[in-house]
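Participant:
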Amino acid sequence: MQIRIPIFSFLLCLLIFSAQAQEYSLLLKGGHVIDPKNNIDAVMDIALVGDSIASVAENIPENQAEKVVDATGLYVTPGLIDIHSHNFHGTEPDAYLSNSFTALPPDGFTFRVGVTTVVDVGGAGWRNFSTFKEQTIDQSKTRVLSFLNIVGSGMKGGAIEQNLQDMDGRMTGMLARQHPEIVGVKVAHYSGPEWKPVEEALIAAEMADIPVMIDFGGNIPPLSLESLLMERLRPGDIFTHTFAHVPGRIPIVDERGKVRPYVYEAQKRGVIFDVGHGGGSFLFRQAIPAMKEGFRPNTISTDLHTGSMNAGMKDQLNIMSKFLNMEMPLKEVITASTWKSAQVIQREELGHLSEGAVADIAVFSLQEGAFGFIDSEGFRMEGTQKLQCELTIRAGDVVYDLNGISRPPWIVE
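In terms of the numbering used here, the sequence shown opens at residue 444 and continues consecutively.
Set out below in structure tokens:
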């Protein structure tokens, strides 16, 4: 007896079988995965379901995924976290980095270099944070977090940032406790001899249980860097612009080309040293001697704004490439741009590729050739390696694809 199955029923069964077989929405296949939190540094596959990571394993079958991306020969990492950026962009005149033209909308400057999370540091204070949240945090595909300025009016430049009367630790701390997007307190650009900006920031940080970030100095004679690092900052607090040498601030590398001993001691006891490259805060004559001596930054960040994006800084990957060419191992460079940064801002759900974590992922090629890198004084360093972003995934969605590796080929019918 011959059993005949209607063609409709056959196709329906085929579709059901196919849907059951495709467990994953996207599969990154054959890439070299670097996931510092989970100590992975090997060729692995990563499978996603929706906005989350479902599996990290060897040889996940391609037929289990709706879409497959061939990452052979590429590096796959957690989405990068830039903990020093300026994104409170707006149209207020003469307001510097607080709702004005010098700050930048994040989405145009993040995904194309593998960054999925930025932290605006000090653009907003407690008086105008709500505007920043409505304009930027709530409108961006990039995850945007904030270090609240200890100046209530934010980073508006000039005399406004020198106003000791507007530095209120209690009000800053109260607001920080109300908003999970606020992950720290920022002190910046103060040029007086007083310690009040640091003291008020620490009051706020203690109230909200968050770190402070210090853009230190400006006074002549300079305030004591040793006192800041050894007596005032707590473990987990952040010293940014680590490799700067600007008037009114003691540099970490002394006149003999040696890292000051108390800088090592501060890092050993848990003070975080952040790059914060910017337009004027990264010198090879500070960074190269420090790196040769074995002193390395804890976190790598941009200090992104209109004054740095087209200068020596350029973007997060350009800075990471500088450190690669100063003989910082690739895994350490990735750590300082992902998992360590997540730990510093106390957002440990980010910066890794654990199963169940949000699928923020970056895919890079490592270019070999002759490259040049520029510091804030305009000097060039030669290099042979440069990272290039090929693909960025934010919460499971492909948000940047340089060469179309996530897309099917065009075929003439």
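We put the beta carbon where it would ideally sit given N, CA and C, even for glycine.
Values in this document were obtained by computation on a predicted structure and should not be read as measured data.
Rounded to a whole number of angstroms, what is the C-alpha to C-alpha distance between THR585 and ARG699?
Facilitator: Within the sequence shown, numbered from 1, the residue matching residue 585 stands at position 142. Within the sequence shown, numbered from 1, the residue matching residue 699 stands at position 256. C-alpha separation (whole angstroms): 43 Å.
Participant: Buried or exposed for PHE460, going by 16 or more other Cβ atoms inside 10 Å?
Facilitator: Taking the first residue of the sequence shown as 1, we reach residue 460 at position 17. Confidence at PHE460 is low in this model, with a pLDDT of 45, below 50, so its placement is unreliable and the value that follows should be read with caution. Classification for PHE460: exposed.
Participant: With a threshold of 6 Å on Cβ separation, who are the neighbours of PHE738 within its own chain once the five nearest residues in sequence on each side are excluded?
Facilitator: Start at 1 with the first residue of the sequence shown, and residue 738 comes out as number 295. Here the set comprises VAL702.
Participant: Hey, ALA567 and ASN606 are a contact pair by Cβ (cut 8 Å); roughly how many whole angstroms apart?
Facilitator: Taking the first residue of the sequence shown as position 1, residue 567 is located at position 124. Taking the first residue of the sequence shown as position 1, residue 606 is located at position 163. Rounded, the Cβ-Cβ distance is 16 Å, inconsistent with contact.
Participant: Just the C-alpha distance for GLU736 and PHE727, rounded to the nearest angstrom, thanks.
Facilitator: As a first step, residue 736 is located in the sequence shown; it is residue number 293 there, counting from the start. As a first step, residue 727 is located in the sequence shown; it is residue number 284 there, counting from the start. So the alpha carbons of these two residues sit roughly 14 Å apart.
Participant: Determine the direct distance from the alpha carbon of ASN530 to that of LEU547, and round the result to whole angstroms.
Facilitator: Here residue 547 refers to the residue found at position 104 when the sequence shown is read from its first residue. Here residue 530 refers to the residue found at position 87 when the sequence shown is read from its first residue. Each residue's Cα considered, the two are about 5 Å apart.
Participant: Could I get the ranges of all uninterrupted alpha helix (DSSP H) runs contained in the segment 702 to 744, with 4 residues as the minimum, in chain order?
Facilitator: 704 to 711, 727 to 736
Participant: Is THR560 close to the ligand FAD? I mean its beta-carbon at under 6 Å from any heavy atom of the ligand.
Facilitator: Judged by which ligands are present, the structure shown has none, so any question about the ligand FAD falls away.
Participant: In terms of alpha-carbon separation, which member of PRO549, ALA508, ASN571, PRO521 lies closest to VAL801?
Facilitator: Here residue 801 is taken as the residue at index 358 of the sequence shown, counted from 1. Nearest of PRO549, ALA508, ASN571, PRO521 to VAL801, Cα basis: PRO521.
Participant: My output table needs one value for PHE814: the three-state DSSP class, helix, strand or coil.
Facilitator: Walking along the sequence shown from the start, residue 814 turns up at place 371. PHE814: strand per DSSP, three-state reduction.
Participant: If you reduce the DSSP assignment to three classes, tell me which class PRO852 lands in.
Facilitator: If you number the sequence shown from 1, residue 852 lands on position 409. It is coil, neither helix nor strand.
Participant: Spatial neighbours of ASP697 within its chain, please: CB distance less than 7 Å, with the 5 preceding and 5 following residues excluded, ordered by chain position.
Facilitator: The residue given as residue 697 occupies position 254 in the sequence shown. Closer than 7 Å at Cβ, skipping near neighbours: ARG703.
Participant: What is the rounded straight-line gap between the Cα of PHE816 and the Cα of GLN465?
Facilitator: The sequence position of residue 816 within the sequence shown is 373, counting from 1. The sequence position of residue 465 within the sequence shown is 22, counting from 1. Cα to Cα, PHE816 sits roughly 45 Å from GLN465.
Participant: Please report how far the alpha carbon of LEU676 lies from the alpha carbon of PHE659, in whole angstroms.
Facilitator: Translated into positions along the sequence shown, residue 676 becomes position 233. Translated into positions along the sequence shown, residue 659 becomes position 216. Approximately 12 Å between the Cα atoms of the pair.
Participant: Can the beta-carbon of ASN784 be found less than 7 Å from the beta-carbon of PHE725?
Facilitator: Here residue 784 refers to the residue found at position 341 when the sequence shown is read from its first residue. Here residue 725 refers to the residue found at position 282 when the sequence shown is read from its first residue. Reading off the sequence shown, one finds Ser at residue 784, where the question assumed Asn. The criterion of a C-beta distance shorter than 7 Å is not satisfied by SER784 and PHE725.
Participant: Alpha carbon to alpha carbon, how far is ALA602 from TYR539?
Facilitator: If you number the sequence shown from 1, residue 602 lands on position 159. If you number the sequence shown from 1, residue 539 lands on position 96. Cα to Cα, the separation comes out at about 12 Å.
Participant: Please report the Cβ distance between ILE657 and PHE682, rounded to the nearest whole angstrom; I am assuming they are in contact, meaning their Cβ atoms lie under 8 Å.
Facilitator: Working through the sequence shown from its first residue, we reach residue 657 at position 214. Working through the sequence shown from its first residue, we reach residue 682 at position 239. Their Cβ separation, rounded to whole angstroms, is 6 Å, which keeps ILE657 and PHE682 in contact under 8 Å.
Participant: Can you pull the DSSP bridge partners for ASN592?
Facilitator: The residue labelled residue 592 in the question sits at position 149 within the sequence shown. BP columns for ASN592 point to GLY568, LYS629.
Participant: Would you call GLY723 buried or exposed, if buried means 16 or more other Cβ atoms sit within 10 Å of its Cβ?
Facilitator: As a first step, residue 723 must be located in the sequence shown, where it is residue number 280. GLY723 should be labelled buried.
Participant: Which value, in whole angstroms, describes the spacing of the CA atoms of LYS510 and PRO740?
Facilitator: Position 67 of the sequence shown, counting from 1, holds the residue named residue 510. Position 297 of the sequence shown, counting from 1, holds the residue named residue 740. So the two alpha carbons sit approximately 38 Å from each other.
Participant: In chain order, what residues of the same chain lie with their CB nearer than 7 Å to the CB of ASP550, ignoring the 5 residues before and after it?
Facilitator: Locating residue 550 in the sequence shown gives position 107, where the first residue counts as 1. SER583, LYS584, THR585, listed in sequence order.
Participant: Given a cut-off of 7 Å on the beta-carbon distance, is the pair GLY565 and LYS629 in contact?
Facilitator: Against the sequence shown, residue 565 aligns to sequence position 122. Against the sequence shown, residue 629 aligns to sequence position 186. Yes. Within cutoff.
Participant: Quick one: is SER589 near chain D, going by C-beta distance under 7 Å?
Facilitator: No chain D appears in this structure, which consists of one protein chain only.
Participant: For VAL842, name the three-state secondary structure that DSSP assigns.
Facilitator: Position 399 of the sequence shown, counting from 1, holds the residue named residue 842. In the structure shown, VAL842 sits in a strand (DSSP, three-state: E or B).
Participant: At a cut of 8 Å, does the segment 684 to 697 reach the segment 641 to 656 through at least three beta carbon pairs?
Facilitator: no
Participant: Within 10 Å of its beta-carbon, does VAL855 have 16 or more other beta-carbons around it, so buried, or fewer, so exposed?
Facilitator: The count along the sequence shown starts at 1 and reaches residue 855 at position 412. VAL855 is exposed by the Cβ-count criterion.
Participant: Shortest alpha-carbon distance to GLY473 belongs to which of ALA485, ASN481, TYR467?
Facilitator: The sequence position of residue 473 within the sequence shown is 30, counting from 1. Comparing Cα-Cα distances from GLY473 to each of ALA485, ASN481, TYR467, the minimum goes to ALA485.
Participant: Give me, in chain order, the residues of the same chain whose beta-carbon lies closer than 7 Å to that of GLY848; leave out the 5 immediate sequence neighbours on both sides.
Facilitator: Here the question's residue 848 lines up with position 405 in the sequence shown. The sequence given here places Ile at residue 848; Gly does not occur at that position. So the qualifying residues of the chain are VAL512, ASP513, GLU833, LEU834.
Participant: To the nearest angstrom, how far is it from the Cα of ALA838 to the Cα of GLN759?
Facilitator: Here residue 838 corresponds to residue number 395 of the sequence shown, with the count starting at 1. Here residue 759 corresponds to residue number 316 of the sequence shown, with the count starting at 1. About 20 Å.
Participant: So ASN571 and SER589 are supposed to be a Cβ contact under 8 Å. How far apart are they, rounded?
Facilitator: Position 128 of the sequence shown holds residue 571. Position 146 of the sequence shown holds residue 589. Their Cβ separation, rounded to whole angstroms, is 11 Å, which puts ASN571 and SER589 out of contact at 8 Å.
Participant: When the Cα of LYS774 is compared with those of SER468, MET756, LEU469, LYS480, which residue comes out closest?
Facilitator: One-based indexing of the sequence shown puts residue 774 at position 331. Here the closest residue by C-alpha is LYS480.
Participant: Tell me which residues share the same chain as MET610 and place their Cβ nearer than 7 Å to its Cβ, disregarding the 5 neighbours each side in the sequence.
Facilitator: As a first step, residue 610 must be located in the sequence shown, where it is residue number 167. Cβ within range, chain order: ILE593, VAL594, LYS639, PRO640, GLU643.
Participant: Output the boundary residues of the alpha helix (DSSP H) element that contains ARG863.
Facilitator: This structure leaves residue 863 out entirely; the chain is present only between 444 and 856.
Participant: For ALA500, list the residues DSSP reports as bridge partners.
Facilitator: Counting from 1 along the sequence shown, the entry for residue 500 is found at position 57. Answer by DSSP bridge pairing, in chain order: ASP488.
Participant: Count the other CB atoms within 10 Å of the CB of ASP803; is the residue buried (16 or more) or exposed (fewer)?
Facilitator: Residue numbering aside, residue 803 sits at position 360 when the sequence shown is read from its first letter. Under this definition ASP803 is a buried residue.
Participant: Buried or exposed: where does LYS765 fall if 16 or more other Cβ atoms within 10 Å of its Cβ makes it buried?
Facilitator: Numbered from its first residue, the sequence shown carries residue 765 at position 322. Buried: at least 16 other Cβ atoms inside 10 Å.
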